[in-house]
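Visitor:
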Amino acid sequence: MIKNNNAAKPLPTEKAKKEKKKLFHVEKRFNMALWQSVLVRFGFILVAVFFGLLVLTMAYSKINPFVSFGNLFIGAFGSLDKFLEFLRDSALLLGVGLALIPAFKMKFWNLGGNGQILAGALVCVMLMVELGGTMPDFVIVIISLVAAIIAGAIWAAIPAIFKAFFNTNESLFTLMMNYIAAGLVGIYIYWRFPDESSIVPAQTHGRLPILFNSNVLIILLVATTFVGLFLYLKYSKHGYELSVVGESINTARYVGINSKKVIIRTLILSGAICGFVGFLIASGIDFSITKETTHRGMGFTAIMAVWLAKFNPIISIGTAMFITFITKGMSQVQMSNSRYITDDSATNIVMGLIFLFVIASEFLVEYKIMYNKNGKETDIFEIIGNFFKKVFGPVGRFLKKVFVPVGRFFKKVFTAVGRFFKKVFVAVVRFFKKLFRIKDKPEKKPVKDAIDSFDEDSIEDSEPEKSPSKKATSGKKKSQKEGK
Amino acid sequence: MENIVQQDISIRFENITKTFGSVIANEKITFDVYRGEILSLLGENGSGKTTLMNMLSGIYFPDEGQIYINGKKVTIASPMDAFKHKIGMVHQHFKLIDVFTCLENIVLGIADKEKANKNNARKAIKELCDRYGFEINLDKKVYDLSVSEKQTLEILKTLYREAEILILDEPTAVLTPIEIRKLFSVLSNMRKDGKTIIIITHKLNEVMEISDRVAVLRKGQYIDTVKTSQTSEAQLTEMMVGKKIVLDIGRTEPKNMEDRLFVEHLTLTDKDGTKVLDDVNFIARSGEILGIAGIAGSGQRELLEAIAGVKPGYKGDVIFNRPKKNLPVSFFHKTYREVVNMAKKGAFHYENGTPVDFTGMSSKKIKELVNAEKIIFNENEIYNLRNLNPRTIRELGVRLSFVPEDRLGMGLVGNMDLVDNMMLRSYRKGKGIAVNRKKPEALAEEIVHELDVVTPNLHTPVRKLSGGNVQKVLVGREISSSPKVLMAAYPVRGLDINSSYLIYNLLDKEKQDGSAVIFVGEDLDVLLALCDRILVMCEGKVSGIVDARTTTKEEVGLLMTKKNEDEEETGGESND
Amino acid sequence: MAVLSSLPGVITLSVVFLFGCIGETISEKAGNLNLGIPGIMCFGVVGGTLGSLIYMRLIYPVMPVTANAFGLVEFISYALLILLGIVFSFAFGAIGGLIYSFLTTTLKANQNVTGLAITTFGAGIGDFFMSLLRSGDGFDLCERVGKIYGFHLTNATLSDKGLIYDDANWHMGFISSNNPVANIFSQPSLVYICFILAIVVFIVLNKTRIGLSLRAVGENPATADAAGINTDKYRYLATIVGCGIAGIGGLFYLIKSQGSWDGTYELQSYGWMTLALVIFTIWNPLIAIAGSILFAFLYSIPSYLNVDMVTGMFLTLTPYIVTVVVLIFTSIFGKKNVLPPGSLGVNYFREER
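Protein sequence lines correspond, in order, to chains A, B and C. Using numbering that gives the first Met the number 0, the first residue of the first sequence is number 0, and each one after it goes up by one. Using numbering that gives the first Met the number 0, the first residue of the second sequence is number 0, and each one after it goes up by one. Using numbering that gives the first Met the number 0, the first residue of the third sequence is number 0, and each one after it goes up by one.
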């Protein structure tokens, strides 16, 4: 009924016209409030979790769904260690998600997160193995950090270059790069450790330093990356160019942004962050490498995480934590029922269900279904909403009373934090500015060989600046115009 | 032609009305089309010709009114319905699948098994080709076909579906004169066969040549239907453009005219190999508004895009003549290095006129000179903007603003807020890696304030604004850099009267401020009232430049539909 | 000789790829880039196992397949085994396809994301139900089923529960011997079914009206729509049938591995390989026959050749590298008819009229 049926029936006009108006029809929606969309999505997620646990219960009559639901929470919050591990895994997932956000914002389907992570981790482990003992550990950490970032960047840059110049399908290309990376990992393991049942023994040299707990530093590093990337996307010129290219290639052409360059540059950044995550895993957690270092395909899970967050870095924190929460919780469920469930299948089922349900819920967020009654069309949401309003109106009013002040408080806190970061960032920028100014000096010899183009719109800007009346007059002019 | 007895009514439109939002595309249109005639549907852009025909072919459904085919009430709700009533339409943009062969395209979607059989189809199509004089290789892939072959294929497609009524939307727009002749002979054959043919067009000479009757639409309204043999081009033009309407646009006299932009031999070829711009020459002067008139798709958009650098890859020159202004150099917006780079080009001189020689000068000395505002730009710099991209053009210091036709798809980014859209042109200003949002914010505020943009706040995505407000934002940004050349393509399309007048006034103001304004418009009344000179384009060529104060609508209308005379003749000759 | 003797094994592996490849080709030709194929194959495994279970419970006790004797009863029994397996794996795969089509075609969800979600979901379903079915009662059903399907491959003797045979190549009429060439032809019947299927699909796609409409929907849905083709219907149909066929690939994986089951990891990687294969064979099921054999050959050759581990692993990497090269090559030099379907990965919205 939702589909636009185009099977035509030549009927008498009046009747046909009425029949054309179906009971339901679909329209694009432009104005869904944030709280509504969040409500819809969470509703669907709850349904999905319910279904997942139902499947488990149906399959194993001995599993108590209520206990399982409780175990979901124990998995992530059961103890400090569990909580830190939960935070760490969320951070890593968020890290990969962050890497993917800039690429996806440009409509570049980077499905190669796994490969890029593996490339970074592989290089890192190789350096740990080869350099271990020959130099101080912190040097190894730094070298492997840089090398891992470069490796990840290269792994992403290859498909990006072909995409930019030949429009090669990036989703399939990056997918293949995953397998090539996994293959290289296998080859390295067999080549370097042929005897030890093909496992890289846990390396002792070049490990990431421990801060309180082995997880804390990783969380902090990802948090720093997050802030950096957030600022990059929001406040840097590159970030701005990136969103223009992502929104409309035509506009990019109109202002003269070289979209090829932007694509390649962004993917290098994307790959570099993935490489960094690979480094964190290899140097901070595993100290070794296998083909499954990516934790059941973090590259793919991260895609879901950022997609659910609509590629918004801040919301991604929430979705990454949510997904990790489910993973951790489900593994707890599995562990407490290890007699019945022997693998991570339950996690995958629940996760898959959640994904599918949320994907389906997108439809309700982006379109509205109009219900047609006696020629009058109403959004079915409105109908449901009105019903709920009647029933829950008083409760809502009460909640509003409670939560509005809380919200205001948080807003205050966050703006303060935001302002602080802004200040820090501006200071950093100023510092770099100074740094570069100094570097400018040696190049100042006036040479005759002409360079054809100038940087920046220099001449243009000097003019309005030098005529300070410009702004004022233009204001006046405009009011004159309106006077006409 | 008059000998044919035309009594059989094939199609009757009765009170057809169609609106899109607030725009009325067709208003109470009533007329008949006879069987076995070629009817031209004539009208300017936006007169509702294509909309009307789309209702006949099932693309749109009329809001009101009734269509009769062969005297019977019919409902045409989808293309399939149109097929059933034996109506076939050849759209301006062909609906073909590139990787299929011609034959596959023809049988695609036919429900009848016998008919869809390729062998049967091949025989039947051969018959059709012989009957009407088509030439086509059925096993060629569509991507190997020329434009005219594609059109032939489209016509064959409709004929194979046994269309009795054939609608052609601007069929000659993409054809060479020889191909047009071929098409016309095919069409006459089909007329002899009793088919009803409707041609949507705006070319008067072709109307006179091929059609039996002409129906004229103007601004969504039906004007009249006349027999071709009893009319003249002049009469048709008048029916098409209507009587002159007096518009109260305050046009100022041009002053301080300088030759600002020279467009010389500009030729642009698109991907298909057709020339969208053919040897365009003109000069835009500061202090005047140069209007560009023409039927939609005559190359106006491409012309502006080529000049603005959005569509590089053309032949010819676009030469920008920098206005004479003696302004001191400052370090405010550019680094020492840039100043030196410019100096290498000899762009500076001292106040007394002697050129600055930077060789051997210490950096300290240069800085002192600059800070003391002693160094001044050279006068009369001339730049060739040929195939430069918009960024390079700006970096040269050429202040060229462009208000494109596609506001949210090109001029603005719909999902970004006002402030971010303000920065589109200028985000690279200033050193450092971070963008500065303070100035754009101030600018956005100023524009919102000065132009009365209705918006909840500065951080609303522009796609949420109404059409008029979107255009105010775009125009506001483009004029904020006080451009030396301002180009605007259809800046008032879809706007209400008040917003339109605001835009006209802004353009006029820019003209007074000494920029060369180029205005592409579709309403001839507006062009005549607003512009100083009007350049008329026809099929990528300049068919004339007239003085807007003395010319008439008829003159411009004729120029719009008239091809270059020599071309016409050579075309005719080679055909003979 | 090593190459020749490896061929039977290569062909069995290639059939897993080929089923997936045919299925995905149909789906992609209609414009749906289904990244859920690995998950769909897992669905298929579950379905196939379920089908075999039904066979073992209901039909095998009545019509047992015994050694040496080959009569009508055995033939029917064997045919039913094949049929049940195919029907159930097809149905399960098709359910996956239905979910995918519903989300992408009706709800217009992003194809990549939907595909990945299906893969996650399918892997979960596969692992979960396989362990459920396998541990259900006393004997390892999968192993048994695998052996029944593939018994002429192993020539092993199964004596538990009375399933005994010695030399049972009778069903296809080829005698197994030490001659490797003859061995190539002694394959499970699904191999032949698969090759025939590839040819049939090729003919349907390229020579019939349905195929023409289907390709039109994948190339340019707007045009197809204007020509009166129900685009939604075709996308649903193509994806569901395609996923069903890929599901049979999952069943064949079980046969290939002779019933041994160690989680979905390997099957998933085969699924991704399938996606590569579709590109490699430029969306042509006939080329896919050769392509899948080549891929399977590259994949399994190290275990037949006497090369060291590292070289062998390099060889197993080649399918991916070759696919990348093909991808690049077609995008640079590709003529229009070897390029991906025009609207691959893009959902079709008809503008409101």
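Note that CB positions come from ideal geometry on N, CA and C, so glycine has one too. Since the structure is predicted, the reported quantities are computational estimates derived from the model, not experimental observations.
Threshold first: 4 residues or longer. Then list the alpha helix (DSSP H) segments lying entirely within the segment 185-262 of chain A, N to C.
Guide: Listed in chain order, the complete alpha helix (DSSP H) runs (minimum 4 residues) inside the segment 185-262 of chain A are 215-234, 236-246, 248-254.
Visitor: Establish whether the CB of Gly227 of chain C and some CB of chain B are separated by less than 8 angstroms.
Guide: Yes, its Cβ sits closer than 8 angstroms to a Cβ of chain B.
Visitor: Can you grab the Cα-Cα spacing for the pair Tyr235 of chain C / Ile195 of chain C, in whole Å?
Guide: Their backbone Cα atoms lie some 24 angstroms apart in a straight line.
Visitor: Are the beta-carbon atoms belonging to Gly293 of chain B and Cys537 of chain B less than 8 angstroms from one another?
Guide: The answer is yes: Cβ separation under 8 angstroms.
Visitor: Are the C-beta of Asn219 of chain C and some C-beta of chain B separated by less than 8 angstroms?
Guide: Yes - at least one Cβ of chain B is within 8 angstroms of the one on Asn219 of chain C.
Visitor: Could you name the residues of chain B that Glu361 of chain A contacts, counting a contact when the two beta carbons are closer than 8 angstroms?
Guide: Residues of chain B passing the Cβ test: none, with the nearest at roughly 17 angstroms.
Visitor: Measuring CB atoms only, is the segment 119-135 of chain B touching the segment 53-63 of chain B, in the sense that at least three cross pairs come out at less than 8 angstroms?
Guide: No contact exists between the segment 119-135 of chain B and the segment 53-63 of chain B.
Visitor: According to the Cβ coordinates, are Tyr269 of chain C and Phe16 of chain C closer than 8 angstroms?
Guide: Yes, these two residues count as a Cβ contact at 8 angstroms.
Visitor: So which residues on chain B does Arg234 of chain C lean against when the C-beta distance must stay under 7 angstroms?
Guide: Chain B residues near Arg234 of chain C: none, gap ~15 angstroms exceeds 7 angstroms.
Visitor: DSSP state of His151 of chain C, grouped into three classes?
Guide: Interpretation of His151 of chain C is limited by its pLDDT of 38, a score under 50 that renders its predicted location unreliable; the figure taken from the coordinates is listed afterwards. Looking at His151 of chain C - three-state DSSP - the assignment turns out to be helix.
Visitor: Take every Cβ of the segment 503-511 of chain B, pair it with every Cβ of the segment 520-538 of chain B, and state whether three or more of those distances are shorter than 8 angstroms.
Guide: At 8 angstroms Cβ cutoff, the stretches touch.
Visitor: Pick from A:His204, A:Thr203, A:Val364: whose alpha carbon is nearest that of Trp34 of chain A?
Guide: Of A:His204, A:Thr203, A:Val364, the residue nearest in Cα terms is A:Val364.
Visitor: How should His458 of chain B be labelled, buried or exposed, when 16 other C-beta atoms within 10 angstroms of its C-beta is the threshold for buried?
Guide: So His458 of chain B ends up on the exposed side.
Visitor: Over the uninterrupted beta strand (DSSP E) stretch that includes Gly241 of chain C, give me the two end residues.
Guide: First-last for Gly241 of chain C: 230-255, but that is the alpha helix (DSSP H), not the beta strand (DSSP E).
Visitor: Please check the pair Val213 of chain B and Thr224 of chain B, which I expect to be a contact at CB under 8 angstroms, by giving their CB distance rounded to whole angstroms.
Guide: Confirmed, Cβ separation roughly 7 angstroms.
Visitor: Can you tell me which of the three DSSP states Gln91 of chain B falls into?
Guide: Reduced to three states, the DSSP call for Gln91 of chain B is coil.
Visitor: State the CB to CB distance for the pair Leu189 of chain C and Val14 of chain C, rounded to an integer number of angstroms; the pair is presumed to be in contact (CB under 8 angstroms).
Guide: With a Cβ gap of about 7 angstroms, Leu189 of chain C and Val14 of chain C count as contacting.
Visitor: Can you pull the chain A neighbours of Phe313 of chain C, defined as C-beta to C-beta under 9 angstroms?
Guide: Residues of chain A passing the Cβ test: Gly182, Ile186.
Visitor: Under 8 angstroms, Cβ to Cβ, is there at least one residue of chain C near Lys94 of chain B?
Guide: Yes - at least one Cβ of chain C is within 8 angstroms of the one on Lys94 of chain B.
Visitor: According to DSSP, which residues form a beta bridge with Glu26 of chain B?
Guide: Beta-bridge pairing links Glu26 of chain B to B:Gln220.
Visitor: Over the uninterrupted alpha helix (DSSP H) stretch that includes Arg393 of chain B, give me the two end residues.
Guide: 389-394 is the extent of the alpha helix (DSSP H) around Arg393 of chain B.
Visitor: What distance in whole Å lies between the Cβ atoms of Tyr233 of chain C and Ala29 of chain C, which are believed to be in contact at a cut-off of 8 angstroms?
Guide: Contact flag correct, Cβ pair sits at about 6 angstroms.
Visitor: Roughly how far, in whole angstroms, is the beta-carbon of Ala116 of chain C from the beta-carbon of Gly351 of chain A, given that I think they are within contact range, below 8 angstroms?
Guide: The Cβ separation is near 6 angstroms, so the contact holds.
Visitor: Are Ala152 of chain A and Gly277 of chain A closer than 8 angstroms when you measure CB to CB?
Guide: Not in contact: Ala152 of chain A and Gly277 of chain A (Cβ atoms no closer than 8 angstroms).
Visitor: If you reduce the DSSP assignment to three classes, tell me which class Thr549 of chain B lands in.
Guide: It is coil, neither helix nor strand.
Visitor: Using a cut-off of 8 angstroms between C-beta atoms, extract the partners of Pro339 of chain C located in chain F.
Guide: Of the chains in the structure shown, none is chain F; the protein chains are A, B and C.
Visitor: If Leu260 of chain B sits next to Ala547 of chain B, beta carbons under 8 angstroms apart, how far is it from one beta carbon to the other, in whole angstroms?
Guide: Between Ala547 of chain B and Leu260 of chain B the Cβ distance is about 18 angstroms, and since that is not below 8 angstroms, they are no contact.
Visitor: Buried or exposed for Ala225 of chain C, please, with buried defined as at least 16 other CB atoms from any protein chain shown within 10 angstroms of its CB.
Guide: Classification of Ala225 of chain C: buried, given that the 10 Å Cβ count is 16 or more.
Visitor: For Ala281 of chain A, write down the residues that DSSP places opposite it in a beta bridge.
Guide: DSSP, once it has assigned bridges, lists no residue as partnering Ala281 of chain A.
Visitor: Assuming Leu49 of chain C and Leu132 of chain C make a contact with CB atoms under 8 angstroms, what is their CB distance in whole Å?
Guide: At roughly 7 angstroms, the Cβ-Cβ gap stays under 8 angstroms, so Leu49 of chain C and Leu132 of chain C are in contact.
Visitor: Going by CA-CA distance only, name the one from B:Pro170, B:His448, B:Leu494, B:Ala441 that's closest to Gly467 of chain B.
Guide: Ranking the options by Cα distance to Gly467 of chain B, first place goes to B:Leu494.
Visitor: Measure the Cβ-Cβ separation of Ala319 of chain A and Ser89 of chain A and say whether it is below 8 angstroms.
Guide: Yes, the pair counts as a contact, with Cβ atoms nearer than the cut-off.
Visitor: Can you pull the DSSP bridge partners for Tyr67 of chain B?
Guide: Beta-bridge pairing links Tyr67 of chain B to B:Arg11, B:Lys72.
Visitor: Can Ala120 of chain A be considered in contact with the ligand NAP, in the sense that its beta carbon sits closer than 7 angstroms to one or more heavy atoms?
Guide: The ligand NAP is absent from the structure shown, which contains no ligand whatsoever.
Visitor: Assuming contact is defined by CB atoms lying nearer than 8 angstroms, are Val200 of chain C and Ile21 of chain C in contact in what I supplied?
Guide: Their beta carbons are under 8 angstroms apart, which means Val200 of chain C touches Ile21 of chain C by this criterion.
Visitor: Within 10 angstroms of the Cβ of Thr230 of chain C, are there 16 or more other Cβ atoms? Answer buried if so, exposed if not.
Guide: Under this definition Thr230 of chain C is a buried residue.
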